[in-house]
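K.L.:
Got a structure here, written out as structure tokens. Questions coming.
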């Protein structure tokens, strides 16, 4: 708890370009959470280097992501928005937690198996211990809740297990985090393969709408979206492509899927797909304009980076010093 509020932690990797799915499924819903929680939103650039990165590109993408957080409506006065790499406590706590995590637990992590298969030429130990760094991210701020998708639930369970193991040995040190159950963001699927989530790592660029796509590109991608030969606009599993477009249109307009189906009753895909594109453009245009404005204000973004890193470090250090003392590290001479 901070100032009587529960703590919420989340973050995104500074790799690839954020998609419409990232925005509608997560980022858009983060904006209102500061009224209920003390929120820490990290640009998790340390996680990013488990895969080889171009240093200049990584720095640029990290800054763009932090700027996008603000452009999307996250107030840096109400939310702590910072670079993971600017808080050394993440790495320091991760090492300590490594010593309380069992090999068998890490061997069971399905994401390691998936990533190792995709990057067979670079199966490094960071990729293997990635979930422990994620545990440190969460436990460092004594987070009460963490918004996670199904694919991250295994990592949250490991975080809970590590925290409980440490607490059983040393007393009540870590808050045991829970999955955040709140307003569910829209689950947006690939435009080219609606059986998969829209992803910033999709090899097919037509499968994803990126937040910085221009209107013409958005319209083209929506018109090329995979549908079917049925020709009717119905919200059902048998038509996954149309169902996904209905979800996108509904999320962008604030309508329910039933209202969307009723609006386009008797119309064909030739009418519906451009309407989806226009709805997406109308949602992303203000965000893109604000991003462009903020990107030109270097002094302001620099001040956010500095001030929020100081805030994150303050709370991280409180936890880290307690943990270091518990495990027997010598006190610092001040």
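Residue numbers (my numbering): 6 to 339. We put the CB at the ideal spot given by N, CA and C, even for glycine.
Would you mind giving the Cβ-Cβ distance between residue 54 and residue 299, rounded to the nearest angstrom? I have them listed as a contact below 8 Å.
P.N.:
In fact, because the Cβ distance is near 26 Å, the residues do not count as touching under 8 Å.
K.L.:
Can you say whether residue 307 is buried or exposed, counting buried as having 16 or more other CB atoms within 10 angstroms of its CB?
P.N.:
exposed
K.L.:
Starting from residue 310, trace the alpha helix (DSSP H) both ways and give me its first and last residue.
P.N.:
From DSSP, the alpha helix (DSSP H) with residue 310 extends over 303 to 332.
K.L.:
So, helix, strand or coil for residue 86, using DSSP?
P.N.:
strand
K.L.:
Can you check whether the CB of residue 116 is closer than 8 Å to the CB of residue 47?
P.N.:
no
K.L.:
Report the rounded CA-to-CA distance for residue 233 versus residue 219, giving the unit in angstroms.
P.N.:
Note on geometry: alpha-carbon atoms of residue 233 and residue 219 lie some 26 Å from one another.
K.L.:
For residue 257, report the span of its beta strand (DSSP E) as first-last.
P.N.:
Note, residue 257: premise wrong, no beta strand (DSSP E); alpha helix (DSSP H) at 245 to 258.
K.L.:
Tell me which same chain residues have a C-beta within less than 7 Å of the C-beta of residue 268, skipping the five on either side of it?
P.N.:
none
K.L.:
Tell me the DSSP bridge mates of residue 15?
P.N.:
46
K.L.:
Considering only C-alpha positions, which residue in the set 294, 282, 177, 162 is nearest to residue 223?
P.N.:
282
K.L.:
Closest Cβ-Cβ distance between residue 34 and chain C: below 8 Å?
P.N.:
Among the chains in the structure shown there is no chain C, since it carries only a single protein chain.
K.L.:
Judging by CA-CA distance, which residue of 259, 147, 128 is the nearest neighbour of residue 98?
P.N.:
Taking only the C-alpha atoms, the option nearest residue 98 is 147.
K.L.:
Taking 8 Å as the cut-off, does the region 209 to 217 touch the region 161 to 179 (at least 3 CB pairs, one atom from each stretch)?
P.N.:
no
K.L.:
Do you know offhand how far residue 113's Cα is from residue 181's?
P.N.:
21 Å
K.L.:
Quick one: using the 10 Å Cβ neighbour count with 16 as the cut-off for buried, is residue 201 buried or exposed?
P.N.:
exposed
K.L.:
What is the C-beta distance between residue 64 and residue 105, in whole angstroms, given that I count them as a contact (C-beta under 8 Å)?
P.N.:
Not really, about 33 Å apart at Cβ, beyond 8 Å.
K.L.:
Please classify residue 45 as buried or exposed, where buried requires at least 16 other C-beta atoms within 10 Å of its C-beta.
P.N.:
Residue burial annotation: residue 45 is buried, with at least 16 other C-beta atoms found within 10 angstroms of its C-beta.
K.L.:
Measuring straight from C-alpha to C-alpha, what distance separates residue 245 and residue 199?
P.N.:
Approximately 6 Å between the Cα atoms of the pair.
K.L.:
Excluding the five sequence neighbours on either side, which residues of its own chain have a C-beta within less than 7 Å of the C-beta of residue 132, listed in chain order?
P.N.:
55, 117, 120, 121
K.L.:
Could you tell me which whole beta strand (DSSP E) segments of length 3 or greater appear in the region 69 to 155?
P.N.:
84 to 88
K.L.:
Hey, quick one: how far does the alpha helix (DSSP H) through residue 168 stretch, first residue to last?
P.N.:
158 to 175
K.L.:
Is the distance from the Cβ of residue 84 to the Cβ of residue 216 below 8 Å?
P.N.:
Their beta carbons are not under 8 Å apart, which means residue 84 does not touch residue 216 by this criterion.
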